[in-house]
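Asks:
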Amino acid sequence: MKKMKANKRIRLFHSMILLVALLTLTGCWSSDEINNLSTITLIGIDENDTGEVEVTAVIVKPHTLFAETAVDGSEQSKFLIETTTGESIFDAVSDLSSTTSERIYFGHVNAIVFGERAARKRMVSSLDFFKRETDFRPNTNVLVARGKASQLVQATPHLNVTLGMELEDLVLSNKYSETDMVEDVTQFMKDLSSDTKDPTTGIISSAKRQGVDIHLTGAKNHSDTKKKEEEPSTNTQENSQLQIPEAISLKETAVFKDGKLKGILDERETRGALLVKGKLKNEVVVLSCGSSPEETISLNITNSASKLTPQFSAGAPHMAIGIQVEAEIGQLACPDFNVDPGQIDRLNQQLESLVKQEVTRVLNKAKNQWQTDIFGFGQEFYRKYPKEWKQMAPVWRNGMLKNMKVDLSVSANISRHGLLKDPIKDKEGK
Amino acid sequence: MSKSLPNNKQWDTERSSIPQSSSLETNLSMLKETFDVCDDIVFQQAQFGNQSGCLVYLSEMINKETLIEIEQGLSSLIPQNQQESKESVITLIHRHYPFQSENETQDLAIIVKKILSGHIILLVDGIEQVFLFSSDNQTNRTWTESDRERTVRGPQAGFSESIQTNLKLIRQKIQNPNLKVRYVTLGKQTNTKISVVYMEGIADEEIVHEVHQRLSNIDIDGVLDSHYVESMIKDSPRSPFPTVFNTARPDRVCGGLLDGKVAVLIDGTPSALTAPAMFVEFLHSSEDYYDTSLISTIIRWVRFLGLFVTLILPAFYVGMIMYHQDLLQSPFLMRIVANREALPYPALVEALFMLLTYELLREAGLRMPKIFGGPVVTILGLVLIGQAAVQAGIVGPVMAIVVSVTALTAFILPNYEFHQVIRFCGIPLLLLAGFFGFMGIIVGLMFGLTHLVSLRSFGVPYFSPVSPARKEGWKDVFIRAPWWAMETRAPGIGVENMNRSGENNSATPPKTGKENRDEENEG
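Residue numbers (my numbering), protein chains in the order written: chain W, 1 to 430; chain B, 1 to 523.
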């Protein structure tokens, strides 16, 4: 009896030793110490003149990010910007890891920026990599850069820690600007592979190009850091003579067709497209209210809604678009303007005609000129007439969309005027 | 409610008074029947002359000095009054005890109440009246506060090391002859006095029997602390989790008794055991029952959170920075990476190092003579060493925060034994997280939960009333229902009498306020 008990104890002891050995002698599978990761915050994809893919990765140097944790205290560049080329993105990325001492980690990539050229040619094959690689988040933003992505990606972040986060915030914040056209990888892929909708996404460009001047205080200091920032890029990149933008703006919309960049909608067209989608919020429009050009009234479109009603008239598809716009007066520069129902009605009509104008413009461009279905008209038909859609689908983008008639009805409602009612009146003028 | 009790044997305080008989035998047998299974009641037969009398009292409730005085007085009465009539005995007693003989009564119900509140009763054969001597045990008023389980509101008294005092503290709170006390002696060498206390009619007889059975099976040479008994009567001796509740608060014990639990008091230990014990009970504090329902409920949830923080916070952090960096926010990730860039050890080693340091300091602080600072040294030491380790670049600052928070949060668990177990359960989980990431934590927690669910305490599932689900018990698990809504006792303990209170206990104030009444009067 006692012997059995002793045997049992020895067995238990042995199994304990085995367990400890098992746990300690084997590696920790898929374990990566957090400090052994080189975190990439932004990826730029370009195509160079020889037709190869150029991947620009912005790698964070965390110990330089936060002043109090800086290793040696001196001002250092906060990012390591590496550009590699290869026949495919995967090829280029593998080159990237050969020059980095730590594991390349894509888990915190905030945005993938495609250069214009890459967007026109390599969109589908690139997205394949981003969806296949397990590190990437499914909600990484896809953006298109005006010009080369590699330059935009090197801009210095001003309000956030990294440019990636700054871009992400830029996409999320939509006070007085339209950003709802941006799509993430998953949404983009979904639209790309669907036959009822075409993908769109936002375009980033240097702020200067969009007419926004950035003045940095302590210019000397800035040029210092800028110089330093440019150093790594001169090592890795040939076209360093090109300007690195000081700030980035997100304003336009890239329209895709058949997985390729088809065209770019400018700011006003983007506004029109958002109106059709019913997604326009916090957008400022300026109407004239007097004879002289200074006499303007600035309205803030607080909300908009749209209703797409697909119909068949005499066998041909036909789309009725109803748009409702809610607006408030943001600034009034007409001394003679009194906020009363009659004036507001007139203003409403003015706003309606402006909306109509803009929508017609974007429909002309996207629907008629490019024959892309960025508004999801096809989806509406598919939902309401699934049987008919089967016959429509093959010809949808080859003429049917272009020839489809659109009925546009707009109703605008200016409901608020802020804290001030009538404009401030000059005593003498009165 | 209590009038519809199924058990006729039970003493009902509201029962119509039974007139006292003049026969001593009848009276005593009635009292003995009432105080059946109360080992602490004393029937002290006395013979003075041809009169026979009996002193009845609860041994722990009375003042020994008063008893001796009465005894001496009675014995001095005897020789002088050989052939006295009834009336003269009464007058004699009156003359002899002008102040103490507080009251005379013929009502049995009052007599029982008086005995329970610490009076000495003198019954004399042939006399219908009963003499009551006030003898409150004043000396035991100097209770000690319970250091282990503190509350802001509510009774502050804690158990002392004398079983008599402890019994008195319980008897004072539950003045009912249904509170049964059974003495047992354990320990061949120490002969330690142990008493089993329960409420007849509320506690399950089977559980009472089971407790007695397990106690009588114990064969040990000495019992020096309640843990000796606890470890030998608990259901699964190998489980680290306590399945017998240990408390130093008489109010907690009384609460348990009213829920149908059985309490075991051990002489020489300032704590009592109650069984059966549920898992959730270890997360409840006495304070929960003394605060507003809403506040108690919130605090209970804070405590549940505290349980999880104590268990898995270090494991969670290690798992996150070794395996699941994707879950971090980008700025937080960069902060952590920046802080950890120059650290030599993996996060798991750091966590173990910090936890070990805390354990060392804690044990040193506990064993250290009080004059050196005790707990203050532990806390300060942890903070200072943590800070120094961060500055020296051995440990990351976030890790120092995580370990300090875990160490301090552990004290949120109100029961000390449970606190210890949960604290050490964190370490295997930490190792699992270090080797397998979150998967390890989940698997570890699953094993723990499986073990907990499989436990029983005196036949009652450890996780009841959550699993097996008894919805009527949830009012005192996830929330603490207001007292007017606590109509039934905790289910599952096997109580015979589920009704705790009446159904209309919440106040119904008059619809018209005072101001309206004034107007009416004026009108």
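The beta carbon of each residue, even a glycine, is placed where N, CA and C say it ideally should be.
Can you list the residues of chain W that B:Gln189 reaches, using a CB-CB cut of under 8 Å?
Replies: The premise fails here: B:Gln189 is roughly 27 Å from chain W at the closest Cβ pair, so nothing lies under 8 Å.
Asks: What would DSSP say about W:Ser150, mapped onto helix, strand or coil?
Replies: Note: W:Ser150 maps to helix in three-state DSSP.
Asks: Does chain W have any CB closer than 8 Å to the CB of B:Leu313?
Replies: No, no contact with chain W.
Asks: Could you tell me the boundaries of the beta strand (DSSP E) in which W:Gln324 lies?
Replies: It spans Ala316 to Leu332 - the beta strand (DSSP E) in which W:Gln324 sits, taken as one unbroken run.
Asks: Using a Cβ-Cβ cutoff of 9 Å, what residues of the stretch 137-166 of chain W are near chain B? List them in chain order.
Replies: If the cut-off is 9 Å between Cβ atoms, the stretch 137-166 of chain W has Arg137, Asn160, Val161, Thr162, Gly164 and Met165 near chain B.
Asks: What did DSSP end up calling W:Ser240 once you bin it into helix, strand or coil?
Replies: Confidence at W:Ser240 is low in this model, with a pLDDT of 40, below 50, so the placement of that residue should be treated as unreliable; the coordinate-derived value is given next. DSSP places W:Ser240 in coil when its eight states are reduced to three.
Asks: So, W:Glu33 versus W:Gly115, is the Cβ gap smaller than 8 Å?
Replies: Not a contact, by the Cβ cut-off of 8 Å.
Asks: CB of B:Ser296 to nearest heavy atom of the ligand ATP: below 7 Å?
Replies: Absence of the ligand ATP is noted for the structure shown, with no ligands found whatsoever.
Asks: Unbroken alpha helix (DSSP H) runs of length 4 or more, entirely within the stretch 223-267 of chain B: which are they?
Replies: Taking only runs of at least 4 residues, the alpha helix (DSSP H) segments lying wholly in the stretch 223-267 of chain B are 226-233 and 250-258.
Asks: Counting only the same chain and skipping the five closest in sequence on each side, list residues whose C-beta sits under 7 Å from that of W:Thr236.
Replies: Unreliable positioning characterises W:Thr236 in this predicted model, as indicated by a pLDDT of 37, which lies under 50. The coordinate reading is nonetheless provided below. Hits under 7 Å: Glu82 and Thr83.
Asks: Out of curiosity, what's the CA-to-CA distance linking B:Ser216 and B:Thr269?
Replies: Distance between the alpha carbons of B:Ser216 and B:Thr269: 19 Å.
Asks: Please decide whether B:Val337 counts as near chain W, where near means a Cβ-Cβ distance under 8 Å.
Replies: It does: the Cβ of B:Val337 has a partner Cβ on chain W nearer than 8 Å.
Asks: Using only CA atoms, which one of W:Ala111, W:Val410, W:Asn110 and W:Val93 lies nearest to W:Arg103?
Replies: Here the closest residue by C-alpha is W:Val93.
Asks: Just the C-alpha distance for B:Pro6 and B:Gln213, rounded to the nearest angstrom, thanks.
Replies: Residue confidence is low: B:Pro6 scores 41 on pLDDT, short of 50, so the model does not pin down where it sits. No coordinate-derived value is stated.
Asks: Relative to the C-alpha of W:Ser30, which residue among B:Asn505, B:Leu382, B:Gly434 and B:Pro468 is closest?
Replies: Taking only the C-alpha atoms, the option nearest W:Ser30 is B:Gly434.
Asks: Please confirm whether B:Ile321 has its beta-carbon closer than 8 Å to some beta-carbon of chain W.
Replies: By this cut-off, B:Ile321 is an interface position.
Asks: By the three-class DSSP mapping on this structure, what secondary structure does W:Phe337 have?
Replies: Residue state, collapsed to three classes: coil.
Asks: Among residues of its own chain, excluding the 5 on either side of W:Lys307, which ones have a beta-carbon nearer than 6 Å to its beta-carbon?
Replies: Correct list, in chain order: Gly322.
Asks: Among the residues of its own chain, which have a CB less than 6 Å from the CB of W:Leu192, if the five just before and after it don't count?
Replies: The answer, listed in chain order, is Pro199 and Gly259.
Asks: Strictly below 8 Å CB to CB, what residues from chain B border W:Asp32?
Replies: Neighbours of W:Asp32 on chain B, chain order: Met322, Tyr323 and Gln325.
Asks: Out of W:Gly278, W:Val410 and W:Thr156, state which residue places its alpha-carbon closest to the alpha-carbon of W:Ser77.
Replies: Selected option, being the one with the closest Cα: W:Thr156.
Asks: What's the C-alpha gap between B:Phe411 and B:His419?
Replies: Distance between the alpha carbons of B:Phe411 and B:His419 is about 7 Å.
Asks: Along chain W, in chain order, which residues have C-beta atoms closer than 9 Å to that of B:Met498?
Replies: Going along chain W, no residue has its Cβ under 9 Å from B:Met498, so there is no contact; the nearest lies around 46 Å.
Asks: Give the secondary structure of W:Asn413 by DSSP, where H, G and I count as helix, E and B as strand, and everything else as coil.
Replies: Note: W:Asn413 maps to strand in three-state DSSP.
Asks: Could you tell me whether the stretch 248-257 of chain W touches the stretch 354-361 of chain W, using the rule of 3 or more Cβ pairs below 8 Å?
Replies: Not touching, per the Cβ criterion.
Asks: Chain W beta carbons: is any one of them nearer than 8 Å to that of B:Pro468?
Replies: Not one chain W Cβ lies under 8 Å of B:Pro468.
Asks: Below 8 Å between beta carbons: does that hold for B:Leu67 and B:Ile120?
Replies: In contact: B:Leu67 and B:Ile120 (Cβ atoms closer than 8 Å).
Asks: So with Cβ pairs under 8 Å, would you call B:Leu333 a contact of chain W?
Replies: True, the Cβ-Cβ gap to chain W drops below 8 Å.
Asks: Taking its Cβ as the centre, do 16 or more other Cβ atoms sit within 10 Å of W:Trp389, making it buried, or is it exposed?
Replies: W:Trp389 comes out buried.
Asks: At least one CB of chain B closer than 8 Å to the CB of W:Phe66: is that the case?
Replies: Yes - at least one Cβ of chain B is within 8 Å of the one on W:Phe66.
Asks: Taking all protein chains shown into account, do 16 or more other C-beta atoms lie within 10 angstroms of the C-beta of W:Ala219, making it buried, or fewer, making it exposed?
Replies: Because the pLDDT of W:Ala219 is 42, which lies under 50, any placement of that residue in the model is unreliable, and the number read from its coordinates should be weighed accordingly. By the neighbour-count rule (16 or more Cβ atoms within 10 Å), W:Ala219 is not buried but exposed.
Asks: Give the secondary structure of W:Ile248 by DSSP, where H, G and I count as helix, E and B as strand, and everything else as coil.
Replies: Here W:Ile248 sits in strand by DSSP.
Asks: Run down chain B in chain order and give the residues with a C-beta less than 9 Å from the C-beta of W:Thr39.
Replies: In chain order: Gln325, Ser330, Leu333, Met334 and Val337.
Asks: So who's on the other strand from W:Phe114, going by DSSP bridges?
Replies: In the DSSP output, where bridge partners are listed per residue, W:Phe114 has W:Ile45 and W:Val144.
Asks: For a test of the three-state rule: what should DSSP assign to B:Gly513, helix, strand or coil?
Replies: Correct three-state label for B:Gly513: coil.
Asks: Pull up the CB-CB distance for W:Ala145 and W:Thr56, whole angstroms please, since I reckon it's below 8 Å.
Replies: So it is not a contact: roughly 10 Å between Cβ atoms.
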